[in-house]
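Enquirer: Let me give you the structure first, and then I'll get to my questions.
Next up, the structure:
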């Protein structure tokens, strides 16, 4: 049986690197469709374009216009395929308007050397059962952000003051995450996970939709089954924009994805 994620990112091949897609309304959040989900749709098309190299290693995307639920097209162009990696450009469009333009390097994460050496440390999250379920969000919040229904989110109690009108001001949100249907996240799904939490500006007392300008994800490993730990931080809000850094750790304690994005400050 297909998972919800597989269904919502399903494509129809149209030949010559072209794919049809249906942007599902279940991924709407605030003023538009979640950028991570859209990147997952693009990432799925790229994987179809280079089937011998099914996993994203590095993906950079520019968000040119706001997508909406409904039909879409993804065009891919293989720029180079040789050796261990392939480089592919892709665009997602609707009604002749480009929504996302991306450049990606794909490979096979299972074939990489097992030589992990890192000074990074997993988020200091309390046990899942001691964290705050996203299902406790007010009905109004869940109505304008149906994307929340896609996940089982458990927020760090120390990072959830923004939900009760008492943001910490540190610019930090972290949580446990898994898909609500129990489906384990694959490497393409990590493109979505890296943009799954509320904008970190919520913790600065600046709630609202924060449109992404540019987003880059590095996928480092195939995640182990089970809960993921996701941490978002920002250090600089200036010029009407902010950067947001994300780390995703799997149940085996490995750093499986890293992301940085530049976004506009929330419009309220």
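In my numbering, the protein residues as written are 11 to 278. Every residue, glycine too, gets a C-beta built ideally from N, C-alpha and C.
Do the stretch 210-229 and the stretch 91-103 meet, that is, are 3 or more Cβ pairs less than 8 Å apart?
Expert: Segments in contact, no.
Enquirer: Near residue 51, what residues of its chain come up, given a Cβ to Cβ distance below 6 Å and the 5 sequence neighbours on each side ignored?
Expert: Answer for residue 51: 19, 31, listed in chain order.
Enquirer: Judging by CA-CA distance, which residue of 250, 237, 40 is the nearest neighbour of residue 263?
Expert: Here the closest residue by C-alpha is 237.
Enquirer: Determine contact between the stretch 52-63 and the stretch 113-132, defined as no fewer than three beta-carbon pairs at a distance below 8 Å.
Expert: The stretch 52-63 is in contact with the stretch 113-132.
Enquirer: By the DSSP assignment, the alpha helix (DSSP H) with residue 15 in it spans what residues?
Expert: Residues 14-18.
Enquirer: Cα separation between residue 258 and residue 69?
Expert: Rounded to whole angstroms, residue 258 to residue 69 spans 15 Å at the Cα level.
Enquirer: May I have a chain-ordered list of the alpha helix (DSSP H) segments no shorter than 4 residues that lie completely inside the stretch 89-159?
Expert: List check, alpha helix (DSSP H) in window: 149-154.
Enquirer: Quick one: what does DSSP say residue 204 is sitting in, helix, strand or coil?
Expert: In the structure shown, residue 204 sits in coil (DSSP, three-state: anything other than H, G, I, E or B).
Enquirer: Excluding sequence positions up to five away, which residues of its chain have a Cβ less than 6 Å from the Cβ of residue 241?
Expert: Counting only Cβ-Cβ distances below 6 Å, and skipping sequence neighbours, we find 133, 184, 257.
Enquirer: Could you compute how far the alpha carbon of residue 93 sits from the alpha carbon of residue 63?
Expert: Roughly 10 Å between the two C-alpha positions.
Enquirer: Measuring straight from C-alpha to C-alpha, what distance separates residue 33 and residue 49?
Expert: Cα to Cα, the separation comes out at about 11 Å.
Enquirer: Residue range of the alpha helix (DSSP H) that residue 56 falls in?
Expert: Residues 45-59.
Enquirer: Does DSSP put residue 210 in a helix, a strand or coil?
Expert: Helix at residue 210.
Enquirer: Looking at the secondary structure, which residues open and close the beta strand (DSSP E) in which residue 268 lies?
Expert: First-last of the beta strand (DSSP E) with residue 268: 265-274.
Enquirer: Can you grab the Cα-Cα spacing for the pair residue 152 / residue 125, in whole Å?
Expert: Between residue 152 and residue 125, the C-alpha separation is close to 42 Å.
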